[in-house]
Every structure is written in C-alpha cells, then in structure tokens.
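Reading through the structure tokens given below for one structure.
Protein chains in written order, with the numbering used here: chain A, 1 to 212; chain B, 1001 to 1212.
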C-alpha cells in the first residue's frame, strides 16, 4: 500500500496545506519514511520532529510536506507500511505446509518475531491506535486488515473439520486481540521470557480453544 | 481506592500547582468525579473542560484544583474508580457458587455488562491507556490490578485439576487482553450482537483453551 494513490490519512487538520508534488518521487517518499521509522525507534513519537526527519533523509522540510501532512500523517503511513509487511509474513505462515495447528504455531511465532524486531514502533502504535483516520480509528483499521486474512484461514479450518463451527470473523478478532495484548505485555517484561515459550502457550490456548 | 491518600497521578506536569485542601471534603471530590464522569460520557475526553466540570458540580474552578491537577488527572482518577468498581463486580462472580467453568461464564458476562453500562468511558479509556502515571502506563496498571485477582482464580482451578498447569499470571493476562479487545470490538458494532452470544463464544474459548 506504500505506493497507493490514496493512503490512509489522519483526520486532524494539517498545520500546513500539503501541496501535491508535480513529479512524485517514490524514492524521496521512501527515504522520508525510512528516516521517520529510525527516529520513531530512537526517540519515540512524542519527541519526533519533522525537521529532524527531513534532515536525516537529506531532504528539505518543504519536500517533507510534499509527501506528508505532518508528523501524525508520517506516523500513520508508517503504520500502514508495517501492517502490510506483517500481513505478508503472516500470509506466508498461513500458506505454509502442514495441519491447521502447525500453521497456527508458525503464524503466531511470526507475529511475535515481527513485533520483537519492531518493538518501539509497535509500542507507540499501540498507544496511538485511537488516531482518527479517513478510514476510521487507526487500530480498528489495522485489526480489520489482519482479520480479513485470518478469517479465511479459520473458514478453511472449519471446512476441514479441524475447528468447531465458530463465527470466523469473531474468532479472528479474538485471536488478534489476544495476540496484540500479549505481545505488548511480553515486550514490556524485563527480563523478557523466550519467544518460544510465548508461542507455545498462545498457540495451545488458541488450538484447544477453537478445535472441533 | 477513591478515598486513598495517594491516588495514581498522571506524570505530566500540571499547569497549576495543586494546593492540598486544608480540610479535605470527600463529598466535594466525589461531586467533581460524578460531574466529570457524566461529561466524559456526554462529550468525551477531548472536549472535556475543567470549567464545565466545576460548574456541573456546583463548585468553583478553584475548588476543582484543590482535588485534581487538571483534566488528565481527573480522567486518571475516574479510571481508578472504575477499575475498583469493575474489580468488585468480578470478585463477586469469582466468589460465586459452582464449577470453575460456571464462575468464568459469570465473570465474563459481568465484565461485558459493566463495559456496556460505561461504554463511552471504556472507549476513551482504551485510547488513553498510554497516559504515564506515577505507577507506570495507565493501561498496564489497570491490567495488573485485574490480573492479580484472576491469577488467584486460575491458581484455584489448577489446584482443583479443572485447568491444566499453565502459568497463572500469563493466563490471566491472556484472558484479560482477549476480553478488553473483544469488548471494544463489540461496543463499536452497529447493530451490536447480543451480550449472551459474546459471553457464550468467549467463555467457551477460554474454558476449552485452558482446561486440563
């Protein structure tokens, strides 16, 4: 979605009116996103400064405002980008070989692995999921994206007789809610329990909780 | 906790320095909390004005600042009050008659019922759970309170051989995370599915997911 013509935007009115670039340069936009991601991980969203993002990307502040409406917009675009990256990883696990149970273990482990790699970004996203965007609440939007994929996996499991006949959308929301909370809890622990222990606990809870 | 001498406070520096009241009047504090709760439900936290809270409580703005450091502090005190009210309801369900499974159904239903009654307050709390308080992140604090109670219930279930031998604290966090997400999802649906359907789905997921 990062090169979509109509990405999600925060609803809050921008301080400056964004001029659409005459010759959009995807490479400049990506450099700004990369610099923004680095700075979110280093200093956090509250301390993020547009000037610093532009400077780290080696671009002028005016160029920043050709691609983003401001700091919140940049953050929303980063969440969109990460949602897509995480979806890709999860889809790979969903499409892998083996039983429904084996694929679930792989998907839950891929989820925790991705969030561990992007720890700071995830923790800020969690606390910013109330941002209102053109597609509604940011957190609700992200859950809907993932639920769409997981719902299909659950429907296959029900058809195959491996899962009991639950509402697949409800089950997808339940598992995603469980995973998001437990990932946040886990990433805040010090020392952090090994990922394999979390995956084992959560995949058994899900498998037993939903089996036929 | 509402009459504790040292309630949770937001970390953000107050605009005005709060003077401690010479003769604290619990009734005035409670009137301000009640007015604040009404206004949170009516207009939401972003639109909440200290002047309006004081006026609705029939008190001067100066009196407000004897008891609260500002709007965020009032909101944190409301969350503390609600956490305690919800804990009381859940403890009643935990202590009720019947098997572990029957008590779980009652507790999950009591949770959804409480959040349905306090819908607006809950939805604002969810999006404000990143507020930093003197006891850490507000949402993390609230989960810790509930997890303490639920952990004991799970330990009983494990001792009674009704639950498999899981880490009771991990299981408590998992069930609370699942419930918080599903409550938020449910409260945003239009039309909203009947509460008994949600309770039935969630209590079966939990009971099957954790049984011995």
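C-beta: ideal position from N, C-alpha, C; glycine also.
Buried/exposed call for residue 1047 of chain B, threshold 16 Cβ in 10 Å: Burial call: exposed.
Closest residue to residue 1061 of chain B among B:1098, B:1040, B:1096 and B:1019 (Cα-Cα distance): Of B:1098, B:1040, B:1096 and B:1019, the residue nearest in Cα terms is B:1019.
Residue 141 of chain A versus residue 172 of chain A: straight-line alpha-carbon distance, rounded: 14 angstroms
Distance between beta carbons of residue 1089 of chain B and residue 1096 of chain B, contact taken as under 8 angstroms: At roughly 11 angstroms, the Cβ-Cβ gap does not stay under 8 angstroms, so residue 1096 of chain B and residue 1089 of chain B are not in contact.
Local Cβ density within 10 Å of residue 1081 of chain B, reported as buried at 16 or more and exposed below that: buried
Under the three-state DSSP convention, the category residue 137 of chain A falls into: strand
Buried/exposed call for residue 1076 of chain B, threshold 16 Cβ in 10 Å: buried
Bridge-paired residues (DSSP) for residue 132 of chain A: A:137
Collapsed DSSP secondary structure at residue 103 of chain A in the structure displayed: helix
Cβ-based neighbour list, residue 1199 of chain B, same chain, cut-off 7 angstroms, excluding 5 preceding and 5 following: 1105, 1108, 1109 and 1112
Beta-bridge pairing of residue 211 of chain A - partner residues as DSSP gives them: A:163
Residue 143 of chain A classed as buried or exposed, judged by whether at least 16 other C-beta atoms fall within 10 angstroms: buried
Inter-residue spacing [alpha-carbon to alpha-carbon] between residue 24 of chain A and residue 70 of chain A: 17 angstroms
Alpha carbon of residue 1125 of chain B to alpha carbon of residue 134 of chain A, nearest angstrom: 22 angstroms
Spatial neighbours of residue 1223 of chain B in its chain, beta-carbon cut-off 8 angstroms, leaving aside the 5 residues before and after: The question about residue 1223 of chain B has no answer here: the residues shown for chain B are numbered 1001 through 1212.
C-beta contact flag for residue 1079 of chain B and residue 1138 of chain B at 8 angstroms: yes
Cross-chain neighbours of residue 1189 of chain B in chain A, by beta carbon under 9 angstroms: Per Cβ cutoff of 9 angstroms: no residues; residue 1189 of chain B is ~10 angstroms from chain A at best.
Of the residues B:1029, B:1183 and B:1042, the one placed nearest residue 1073 of chain B, counting alpha carbons only: B:1029
For residue 185 of chain A and residue 967 of chain B, the rounded distance between their alpha carbons: The structure shown has nothing for residue 967 of chain B, since chain B only spans 1001 to 1212.
Integer Cβ distance of residue 1211 of chain B from residue 1162 of chain B, believed to fall under 8 angstroms: 7 angstroms
Buried versus exposed, by CB contacts within 10 Å (16 or more), residue 41 of chain A: By the Cβ-count criterion, residue 41 of chain A is exposed, with fewer than 16 other Cβ atoms from all chains shown falling within 10 Å of its own Cβ.
Span of the alpha helix (DSSP H), counted from its first residue to its last, around residue 193 of chain A: Unbroken run through residue 193 of chain A: none, as it is neither H nor E.
Pair within 8 angstroms by beta-carbon distance, residue 1021 of chain B and residue 1066 of chain B: yes
Residues of its chain near residue 1092 of chain B, where Cβ-Cβ distance is below 6 angstroms and the 5 sequence neighbours each way are ignored: Excluding five sequence positions before and after residue 1092 of chain B, none of the CB atoms of its chain fall closer than 6 angstroms to its own CB.
Coarse secondary structure for residue 26 of chain A, derived from DSSP in three states: helix
Residue 51 of chain A at chain B interface by Cβ criterion, 8 angstroms: no
Extent of the continuous alpha helix (DSSP H) run through residue 1051 of chain B: 1050 to 1057
Whole-number beta carbon distance between residue 1115 of chain B and residue 1147 of chain B, since they are thought to touch under 8 angstroms: In fact, because the Cβ distance is near 17 angstroms, the residues do not count as touching under 8 angstroms.
Short CB-CB distance (under 8 angstroms) between residue 1227 of chain B and chain A: Missing from the structure shown is residue 1227 of chain B; chain B here goes from 1001 to 1212 and no further.
Those residues which DSSP pairs with residue 10 of chain A across a bridge: A:133
Proximal residues to residue 10 of chain A (C-beta, below 6 angstroms), its chain only, five neighbours per side dropped: Hits under 6 angstroms: 72, 73, 76, 131 and 133.
Own chain partners of residue 86 of chain A with C-beta closer than 6 angstroms, once the 5 adjacent residues on each side are dropped: 114
Nearest neighbour of residue 1197 of chain B, chosen from B:1208, B:1152 and B:1183 [CA to CA]: B:1183
Residues of the stretch 150 to 174 of chain A with Cβ closer than 9 angstroms to any Cβ of chain B, in chain order: 164, 166, 167, 170, 171, 173 and 174
Which of helix, strand or coil DSSP assigns to residue 1019 of chain B: Residue 1019 of chain B: coil per DSSP, three-state reduction.
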